[in-house]
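Worksheet: one structure, shown below.
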Amino acid sequence: MSEKTAAFEEPFGRLQEWLAEAEESEPNDPTAVALATATKDGFPSLRMVLMKGCDERGVVFYTNLESRKGVELAENPNVAMLFHWKSLRRQIRIEGAVEPVTTEEADAYFASRPRASRIGAWASKQSREMAGRFEFEAAIAQYTAKFGVGEVPRPENWSGFRLKPKYFEFWRDRKFRLHERITYTLNETGSIWGLAELYP
Ligand SMILES: Cc1cc2nc3c(=O)[nH]c(=O)nc-3n(C[C@H](O)[C@H](O)[C@H](O)COP(=O)(O)O)c2cc1C
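Numbering of the sequence shown is given in the numbering used here, commencing with residue 223 and proceeding in unit increments.
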């Protein structure tokens, strides 16, 4: 293992470092991450979300709880995430189970969003079929009138999840496809990260 790799005995320092480097080099949405969920029968689905927080407690994202991913997370908390930064030629895989964020966390993040996004969260029945764009626009107009110039509270069906990682893989491009793959696996008691290097 390179000296730089060995410098991180746990994965979060490395994740923070790569995210900071992505902030500098990635032209759009450096925190965009693919999120794979699955039904209770194990049928998978995948979409992008924005990572909205990341520390030793886990990786946070927000969504509509009645969306397809929300329904799948309610019946099966196991997920996989994938960051890919083309500008850096790097990817990070993360696996584990999600837990809901606290009400306070969800409220605080929702309050930080632009007003139009907050109204959009009320108007969008995310992932359900709509008769046409007009239906959505009518709902936006209705909630805009309803909230007037007052506060736009967080809808009950809109909140966040924290992925509690059990496994990380940090992948770096190397010449001639001889890439670097460093994994971190949490032990049974959830106290120690085991490091390994995989063949590319
Ligand atoms: C770059 C990017 C970021 C996105 N961020 C979010 C997000 O943070 N939360 C969210 O619910 N949807 C986000 N979306 C939309 C989702 O990819 C998806 O269309 C939506 O959540 C519905 O997914 P579902 O039907 O699987 O639940 C994002 C899409 C893109 C392309």
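Using N, Cα and C, we set each Cβ at its ideal position, and we do this for glycine too.
Test item: CB-CB of residue i and residue j under 8 Å
i: residue 379; j: residue 288; result: yes
i: residue 320; j: residue 299; result: yes
i: residue 376; j: residue 332; result: yes
i: residue 253; j: residue 237; result: no
i: residue 302; j: residue 363; result: no
i: residue 310; j: residue 244; result: yes
i: residue 274; j: residue 382; result: yes
N-terminal and C-terminal residue of the alpha helix (DSSP H) that residue i is part of
i: residue 334; result: 325-334
i: residue 365; result: 355-369
i: residue 386; result: It is not in any alpha helix (DSSP H) - residue 386 instead sits in the beta strand (DSSP E) that spans 380-394.
i: residue 294; result: 290-297
i: residue 339; result: 337-345
Assigned secondary structure, residue i (DSSP; H/G/I helix, E/B strand, else coil)
i: residue 316; result: strand
i: residue 225; result: Because residue 225 sits at a pLDDT of 49, beneath the cut-off of 50, its placement in the model cannot be relied upon, and the point is left open.
i: residue 233; result: helix
i: residue 374; result: coil
i: residue 304; result: strand
i: residue 257; result: strand
i: residue 243; result: helix
N-terminal and C-terminal residue of the beta strand (DSSP E) that residue i is part of
i: residue 199; result: Residue 199 lies beyond the residue range present for the chain, which begins at 223 and ends at 422; the question has no answer from this structure.
i: residue 416; result: 415-419
i: residue 280; result: 280-286
i: residue 402; result: 402-408
i: residue 275; result: 275-277
Below-8 Å beta-carbon distance, residue i vs any chain D residue
i: residue 263; result: Considering every chain present, this structure includes no chain D. It has just one protein chain.
Whole-Å CB distance - residue i paired with residue j, under 8 Å assumed
i: residue 231; j: residue 415; result: 7 Å
i: residue 385; j: residue 280; result: 5 Å
i: residue 341; j: residue 391; result: With 8 Å as the limit, residue 341 and residue 391 do not qualify as a contact, their Cβ atoms being about 39 Å apart.
i: residue 278; j: residue 234; result: 5 Å
Residues near ligand 1, criterion Cβ-heavy atom distance below 5 Å: 251, 254, 269, 270, 271, 272, 285, 289, 290, 291, 349
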